[in-house]
Amino acid sequence: MTRTDPLDAFKAWLSENGASFPSLSFKASRSGCESRGRGLFTTNRITLEEGKSIATVPAKLVINTSLVVRIAKYGRTTPAKKLAQCVDGLRKGGLSAEGAAWERVCLLVFLLWGWVYSEPLREETGRERDSGEIVEEDPALSIDFWLPYVRILPDIDGLDTPVFWSGSPALSLLKGMELDDAVRAKKLKLTREYSELLPHLSILDNAKGRITLERFMWADGVFWSRVLSFGSALEGTDTTTSDDYHLVPLVDFCNHSFDQHIGWHISESASCRVELRAVDMAVGDVAADTELFISYGQKPNSELLFIHGFVVPENPFETLIVPAPFIEGSNVPFEPDGDEESEERELSEEAEIEREERKMQKIGAQIAIKDKLQFLSLLGLRRVIDISRPPMSGNVDEDEQGEIEVDMNDPTKGLLTDDGLLAMYVSVLTAEDGFGRTDAGGPRDNPEYNLGGHKIFPLTKETFSTLVQALPHYEVIRLRVFAVLLDMINFRLYELSGEYTQGRATRTAPLKEGDVITTEDMRMNKVEVFREGQYDLLVAAFGLLQTLQERWAEFDVVQEYLTAIQAGSDDE
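When we follow UniProt numbering, the leftmost residue of the sequence shown carries the number 1, and every step to the right adds one.
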């Protein structure tokens, strides 16, 4: 028996069920030497017009939690009943049947359900066709209806995110970076989740053991790389749905580019179909055999690599995510560990006093950091800082006399987000600035904080920001922010390049057409592009912060503050 090509079957399935995509087809896509899987291409010359649909997908082909629950509730075939057992078990097992976590699990279950009953596995196990046993009044309640879509999804070897790189030398090049932390945390989370869900997932497979951890990771990878969130897109439309996460066949073929041609939209029709329309900057004629791109958003390479498995050279939206560098952590005195012999040795009275002072300083720093963490939480701030690439046209401007011109409202030129700047204020403020918790020992659920002699009330970002800017030594606080970030960035540069003074770490030769390229070559190349983007961001940030630090040190208020601090130190 001749098997129909999965892509041809998929296109026929789309057309038979109301999808429209004239002048479009699906072909293998490449970026240089790297495969991007299949993409959406023009079959002939077309004209992109603003607001005009070039493809539509009806609501009946959109996969979401409501569909999964409907199949489980009303489906009469054996696969549908197994799906129902699985979903019911998840609910009874304590998983909340609402919210984003539930929606994700439902779509993972759908993907694994479809994989179990896909054509190659059916032939392998000799399973009889359920459609021959029972014919559903609604075809969408049958697994057979969805198989044309499931069969064109990439398999495990088609997902090349770092989560699947176990044992790869490329993964070792991420050590010490936030992406490495994210990969390890993701794998631990998936391993724990798989263990918890397996008793229910195994129902889909008759407990044959084919839904392995790797297959569960595959479902998660497919989900995150293809899912669309309808939440914001539905605002202002008459369409209502309780679901946010959706898999949309056809649309999920579209690859990413910051210079996109098209974007996806939800039509205002009752069918809630998804449309592909031209974006403003792409309106005009497009030649045949042109790949049409959508944008996945202004995402840094860390996110693109982590979720989708690719990077964009010279990504203008590159960011670095670092923990807030609390100043207390750098002020804690170093205390070497002692061995048993030194512990037993009698300390002099002076040394013992110094040791107790260090111990009290350490305890004080830990308490201050704990209070700061709670303060960040109360303001709705994360304990991480997003550092973005400064403008490439130069870090600062100069006037006709060569003096540095600084935008006092945004001296970092977008290096930090508004929330990141507030988190940095929290990081560098101390009790000497009048900052801290004023109800020590009071209720942890309703603490009080002061700044500069004023109670921070209400506890909002706006109140906190206003009080920081009202401090008489506000420019000193900003200088501290620049200095702490500069030290942290300098250390990151050293870590990334091996030795900062020697400049950029040596890259391997770039891949080019005609090379014999292995999977490991591609991974190494992606990691090097990612590291290079991080390095360039850090160098630009270092230059900007160094300039700002020098400029701020010249301010009269800073000079006066530093002089007063020095005088107080001398008096002691």
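For each residue, glycine too, the CB sits at the ideal point set by N, CA and C.
Bear in mind the structure is a predicted one, so any value in this text is a computation, not a measurement.
The C-beta distance from residue 111 to residue 223 rounds to 7 Å, short enough to fall under 8 Å.
With a 10 Å radius around the Cβ and a threshold of 16 neighbouring Cβ atoms, residue 534 comes out buried.
Each of 109, 285, 266 was checked against the Cα of residue 199, and the nearest Cα belongs to 109.
Between residue 161 and residue 307, the C-beta spacing is below 8 Å. If the five residues before and after residue 273 are omitted, its C-beta is found closer than 7 Å to the C-beta atoms of 56, 57, 58, 59, 267, all from its own chain and listed in chain order.
With contacts defined by Cβ atoms closer than 8 Å, residue 385 and residue 429 do not form a contacting pair. Only exposed fits residue 175, as fewer than 16 other CB atoms lie within 10 angstroms of its CB.
Note on geometry: alpha-carbon atoms of residue 301 and residue 292 lie some 21 Å from one another. Under DSSP, residue 450 forms a beta bridge with 436, 455.
For residue 249, the closest alpha carbon among the candidates 156, 431, 62, 98 is that of 62. Under the DSSP assignment, residue 200 falls in the alpha helix (DSSP H) whose first and last residues are 178 to 201. In the same chain as residue 298, and ignoring 5 residues on each side of it, the C-beta atoms closer than 7 Å to its own belong to 317, in chain order. Of the candidates 167, 35, 201, the residue whose Cα lies closest to the Cα of residue 93 is 201.
Going by DSSP, residue 39 is part of the beta strand (DSSP E) stretching over 34 to 42.
Under the three-state reduction of DSSP, residue 18 is assigned to coil, being neither helix nor strand. Residue 48 is a Cβ neighbour of residue 261, given a cutoff of 8 Å. The straight-line gap separating the alpha-carbon atoms of residue 482 and residue 171 is approximately 32 Å. Around residue 136, the same chain offers 142 as residues with beta carbons nearer than 6 Å, after the five sequence neighbours per side are excluded. Counting along the chain, no alpha helix (DSSP H) covers residue 27; the unbroken beta strand (DSSP E) around it starts and ends at 24 to 31. If you ignore the 5 residues before and after residue 465, its C-beta comes within less than 7 Å of the C-beta of 422, all in its own chain and listed in chain order. For residue 221 against residue 163, the beta-carbon gap comes to about 7 Å, under 8 Å, which counts as contact. Scanning its chain for C-beta atoms nearer than 6 Å, with the 5 sequence neighbours on each side dropped, one finds around residue 54 the residues 276, in chain order. In the structure shown, residue 386 adopts extended strand secondary structure according to DSSP, grouped into three states. In terms of Cβ geometry, residue 459 and residue 379 form a close pair [threshold 8 Å]. In this structure residue 206 is exposed. Its beta-carbon is surrounded by fewer than 16 other beta-carbon atoms within 10 angstroms. For residue 285, the enclosing beta strand (DSSP E) stretches over residues 284 to 286.
Exclusion of the five residues before and after residue 282 leaves 48, 261 as the residues of its chain whose Cβ lies within less than 6 Å of its Cβ. DSSP places residue 427 inside the alpha helix (DSSP H), whose first and last residues are 418 to 428. A straight-line Cα-Cα distance of about 47 Å links residue 89 and residue 496. Cβ contact annotation for residue 280 (same chain, cutoff 8 Å, sequence separation greater than five): 50, in chain order. Residues of the same chain with their beta carbon placed closer than 6 Å to that of residue 185 are lacking, with the five preceding and five following residues left out of the count. In the structure shown, residue 320 falls within a strand segment according to DSSP collapsed to helix, strand and coil. Shown here, residue 227 sits in coil according to DSSP, grouped into three states, outside any helix or strand. By alpha-carbon distance to residue 231, the top candidate from 257, 305, 265 is 265. DSSP places residue 53 in the strand class (E or B) of the three-state scheme.
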